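All letters in the sequence shown, in the order written, are residues 2 to 1198 by the working numbering. Each remark here refers to the structure printed beneath this line.
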Amino acid sequence: MDLSEAETGYPEGGEEEADAITKICVLGGFSESRETRTLIGSLPEIHEDDRAGEFAVQKFRVIMDRYQDQPHLLDPHLEWVTNMLLNFIRNENSPSSLFHLSFQFLYVICKVRGYKVFMQLFPHEVSDFHPVLEMISRQDPTDLKTWETRYMLLLWLSMTCLIPFDLSRLDGHLESQGVRIKEPVMERILTVAKTYLLAMGSPRDAAPVLVSKFMTRPDVKQKHLGGFLDWSLTSISQSSGDSMIEIRKLDGVLQSLAKLLKHGKRDDFLQYAPIVLRNLEEKRLSESSEAMLRKIYIKIIQRLGLTFLKPRLAAWRYERGSRSLAANLSVSHTAAAVTAAVTPETETREQEEDYDIPEEVETVIEHLLVGLKDKETVVRWSAAKGIGRVTGRLPKELADDVVGSVLDCFSFQETDNAWHGGCLALAELGRRGLLLPSRLTDVVPLIMKALTYDEKRGACSVGSNVRDAACYVCWSFSRAYEPKELQPFVTQIASALLITAVFDRNINCRRAASAAFQENVGRQGTFPHGIDIVTAADYFAVGMINNCYLNISVFIAGFPEYTKSMIEHLISRKINHWDGAIRLLATKALHNLTPQAPDYMATTVLPQLLTLAVGVDLHSRHGAILACGEITYALYKVALQSNRTVMDLISPECVDALKNIHNVLHERKQYRGFGGALMRPAICSLIEKLSLSKMPIKNDPIITAWQSLIDDTIKNLHLFSSGAKEDFIVSVVTALSALSEEFYQDQENKADTQIQDALISQYLEGLKSPQLLTRCGSARALGCLPRFMIQSKLKQIFGGLEQMCTVSQKEGNFTEARRDAVRSVAQVFLKAGVCPHGSPDSVLCSENVVEVFDFLLCSINDYTTDSRGDIGAWVRKSAMTSLQEITLMVSSSAPEILSPHLVKSMMCCLAQQAAEQNDHYRAHAGNIFLQLLHSTEPVVPHIPHKEELLSIFPVETITSLNWNAPSQAFKYITQLLGLLEYQYHTLLGLSASVGGITESTANHSSQSLFAFLKGIQKDIDALTQFTQTLLRIFKNNLQNDRVSVPLLMMLSRMLANNFFEILTTQENHQVCVDLLGLCKELRKSRNVAKIRACIYVYCGLIQFEGDVRKKVLSQLLMLLCHAFPIIRKTTSAEMYEMLLTYNDVADPDVLEDVLNLLSDTQWESDLDTVRERRNQLCDWLGVPRPRPITKGPAQVS
């Protein structure tokens, strides 16, 4: 299949999406057949070159790895691929390098297709036996480079052992004149097997396959089986298991035993089984620290158990009649179902059978039950399969005892490992029909507990694997039992699976529960509303946890069968969850579920939560308080729809209890410490929801207590170590906003003067706090106050916020507080509204509009930096958003108060931000710029060059232009350089991008800038105007390293590309003179980056003719004796390149000497040495020698 044809998006419509997924994930066949044939055919030419051989193997591995998920597609081609490689191997003239390279290719195929399938392709005629045995005998088991050869030869030898002739007939003459001249074939193979069972590396994994094929031959087992088992047990007992080498040897021997017991006949091993079991028990491998050994031990134990028991299919097992999905979904399913449960006849036959169960079976089952509790999943899984296999051969009574022992794993005294192993075992028993329907009454309640198993351990929890395995049990039950057997448990299983699918924290568990529910719907056909729910809660839908809690849960709760069980689960298991995010989602889910059962919520759930809200457990208390607020607000909405009040649904006792929560927590001092970091936001959320619910408590003393809590929290935010500071502040501010809106307004819709003065004064004072978070909280508190609270206080509020920003910006601290203050200014004025001739103390008017815009424009130029980087960007982003909101409000209501100067300043600042290097903030500025430009309702007046801007930025660019992509953004923004009003600010922003350190941004911005410069390169007036703007930016930001360093880098790149060539023809051009003068002012700087940028500019200015060239050379020669060695070295290197580029700078007679001196001198040496060399350069270049000065270490000489 051509993968390039696959869809990369998610098209509309389920069928198209399924087709796209199929195209991406499913291959149609082995499409690299020709390439593979060519690659293998080239091996004789490339095998001698190790590098070429390694490249060929890697290329072949890449081809084969594509088919890891669909290896069966290789099957039609495996024969010819294998034959090509075996031809190289069988050829006696093939060099060893080609021999080993061919086996490397064979191993790659074997790894992808699997050895069980691939080894069958090896030729296994009698004529192949001796050559393969000779090849493996010649190999060095310790050679690390050729392990693939030994691995594949062992598999090949395993296949040749299947020949149907007695191996002794292949020995020939073993003795000559009474002397043994060679070993028998059997002994040679046995020696090879033993050697590689104890070897290190991957060939050890192939040796057990050889043993299983070889030792199970009729002729071999008679002579060597007992001896090999004796050797194996001796090797096991003698192995210490202390070192990794010993562990690997033990692993090989144990694997061979497991393979033998799996492939051998029961009668052959029955006599040895007790001895093997006893030896393994003495070794105590179940206590080994290596999971690999414990897993193999469990495999051997279960195979020994099967050896002790006769191979029979238990007649008492449960068999389901029809497993057809179509039958289960058909209407006539109930009548057509065939019951295959245990009948009296089978019970009688079972009792008549003579069972002789060896005592060792009890030991085997005991070890398997212990394996179910192992700490490694692979061991538990192997033990579960062993339980299923062994139980299938036991009588009914003993099998029932095994089931009972498995059920003992489901005790809360057991670890999560035991629960997980028990679930796996139950699934295996159910799948095999060994868990009779009579046991379902005991099993189903335990599985319901396993579906919600979650135990907190330290900072995390365990139990996700238990819940996942419990879903597997439910999945296996759906396939194992008739619908009528599971009918009594349908409600329990369906509710538990849906609860897990929607509310589980782990995505794998949610998807497993969804799959199990879907399987039950299809197989059983008895789950209520199954098809509808499966459609809504499919594999992809349950992937997003927010979607599960807030949307899917509401849909499922719409079916009465599931409503209360979902609510009860949230109350009992989720609002007290150890993860705070889950508690928060659970409370929001309760809010959304309240309309489904409002009476149940008001009369049953809310009283339960009110008890928990003042309980002892911190997490339960936190979740209950949040849930009380959410449910109360949801009940208010329900009551509103029927023109009732919330008091019609909630009892007076519940209202009193809601009010009393704060008092109880305050009396217990539970607002302090770690718990306080959870309780304060929770109570603030409760205050917000109760306020929004319009509770009839307007003059209640609790209002004052709530306000005190909010104020105290804002004042002491810095004392809490909560990581989610932002959420903490948001909860406090939203509570204050809702509380003020509901309870601080009198009947005339005016604020209580006393409360108004107190709150505003307090928060203005908080803006002066030495604590950052207190300033942030106070600023946001002022911004969240309702309109009636800021009436006649607007000037005071704005003044406080402006002063805090002005002072802190100068000092370079409290950046986060400035960000919040800027947003609050916008929020305050948006609430106050605009009136051209209104009072500046109540609305935005002509008297204060300039002051507000100046404040925001000042904030948009905040470039504060600290160890975190450009933190001033937070303020700039906030200021840009505020400017947009206020401009649109003013343009809508009173455009006459917007002066052209204000609009010009705003648009220029936005253009500057849209030209800068940070992708995120550039995109924010660019989007605002376009929205203001294209706004029609209202139209923003006085935008400079609006017609030209509309031609540069058509209306479709609002959606099509990706400002985050430098390759797109700078093509548009550089066009603003041609508009005089925007040129200064756009170039100022571009300098940071072109001269910045981000390579992709610098490349794309410089390409766009250079494209613009090429357009004006021949226009002397436009170029002069551009250079004047450039000089103005340089002069205004001479001591501002943030601007001057990237500006110099940008300037050097423009000079290097000869964009000022038209100006260089005029001697002593003023542009060069001015640039030289500005650069000379930077020579005392101690910023290495700035001085190096000056060097680059000097070398570019050398192209200007006249006396100014000598002055430039003088500056460069002085820098050759700079105090910093790195500056001297950089100057010499750049001068060398400059003299090569502009060969008219120096006299041709001395040019070679100058270049040699620059390149040969160690300019990092001491100043006295380099000064002599520098003076020699001065003489050759005709520049006066500089006079030494010794004012400071950074001075030039």
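All C-beta atoms, glycine included, are put in the ideal place defined by N, C-alpha and C. Computed from a predicted structure; not experimentally measured.
Check	Outcome
Output the distance between the C-alpha atoms of E1062 and V1074, rounded to the nearest integer angstrom.	15 Å
Check C461 in the structure and name its three-state DSSP category.	strand
Quick one: is V63 buried, meaning 16 or more other Cβ sit within 10 Å of its Cβ, or exposed?	exposed
What is the DSSP secondary structure of Q746, counted as helix, strand or coil?	strand
Can you find the residues in the same chain that come closer than 6 Å, C-beta to C-beta, to L1024, ignoring five residues on each side of it along the sequence?	I1017
Classify Q540 as buried or exposed, calling it buried when 16 or more other Cβ atoms lie within 10 Å of its own Cβ.	Gln is not the amino acid found at residue 540; the sequence shown has Tyr there. When all chains shown are included, Y540 counts as exposed.
Closest by CA to N700, which one among E743, R512 and L286?	E743
Given this structure, state the Cα-to-Cα distance separating Q256 from S32, to the nearest angstrom.	37 Å
DSSP three-state label for E1106, please.	coil
Given a cut-off of 8 Å, decide if I572 and Q609 are closer than it, judged by their beta-carbon atoms.	yes
Pairing CB atoms from the region 623 to 641 with CB atoms from the region 580 to 593, are three or more of them under 8 Å?	yes
Check each candidate in D1150, R189 and R781 and name the one with the smallest Cα separation from F130.	R189
On the DSSP bridge assignment, give the partners of V835 in chain order.	L845
Once the 5 residues before and after F1013 are set aside, which same chain residues still bring their CB inside 6 Å of it?	T975 and L978
May I ask you to verify whether the region 959 to 972 touches the region 1020 to 1037, counting CB pairs closer than 8 Å and requiring at least 3?	no
Is there contact between the region 407 to 416 and the region 285 to 299, where contact requires at least three CB pairs shorter than 8 Å?	no
Going by C-alpha to C-alpha distance, which of K575, R394 and S860 sits closest to E456?	K575
By a C-beta neighbour count over all protein chains shown, 10 Å radius and 16 as the cutoff for buried, is R1129 buried or exposed?	buried
In terms of alpha-carbon separation, which member of T37, G202 and R67 lies closest to A57?	T37
Does the Cβ-Cβ distance between G389 and L437 come in under 8 Å?	no
How close, in whole Å, do the beta carbons of P967 and S1001 come, if the pair is a contact with beta carbons under 8 Å?	6 Å
Under 8 Å, do T83 and H125 count as touching if we go by C-beta distance?	no
So, for V647: in the same chain, excluding its five sequence neighbours on each side, which residues have a beta-carbon less than 6 Å away from its beta-carbon?	L636, Y637, A640 and S694
Which ranges would you report for the alpha helix (DSSP H) in the region 1048 to 1075 if only whole runs of at least 4 residues count?	1062 to 1065
Would you call the region 1065 to 1084 in contact with the region 1109 to 1125, where contact means no fewer than 3 C-beta pairs closer than 8 Å?	yes
Among Y922, T378 and I494, which has the Cα closest to the Cα of Y563?	I494
Threshold first: 3 residues or longer. Then list the beta strand (DSSP E) segments lying entirely within the region 484 to 515, N to C.	none
Within a Cβ cutoff of 8 Å, which residues of the same chain sit near V1089, ignoring the five residues on either side of it in sequence?	F1125, I1127 and I1128
Are the CB atoms of G1101 and S1053 nearer to each other than 8 Å?	yes
Closest by CA to A516, which one among A538, S496 and P529?	A538
Assign E917 to one of three DSSP states: helix, strand, or coil.	coil
Are the C-beta of E668 and some C-beta of chain C separated by less than 8 Å?	Looking for chain C here will not work: only one protein chain is present.
Using a Cβ-Cβ cut-off of 8 Å (strictly less than) and excluding sequence neighbours within five positions of S621, which residues of its own chain qualify?	I576, N577 and L613
Going by other Cβ atoms of all chains shown within 10 Å of its Cβ, with 16 needed for buried, is N418 buried or exposed?	buried
Closer than 8 Å by C-beta to G544: which residues in its own chain qualify, once you throw out the five before and the five after it? Chain order, please.	I508, R511 and R512
For A752, which residues does DSSP report across the bridge?	Q746
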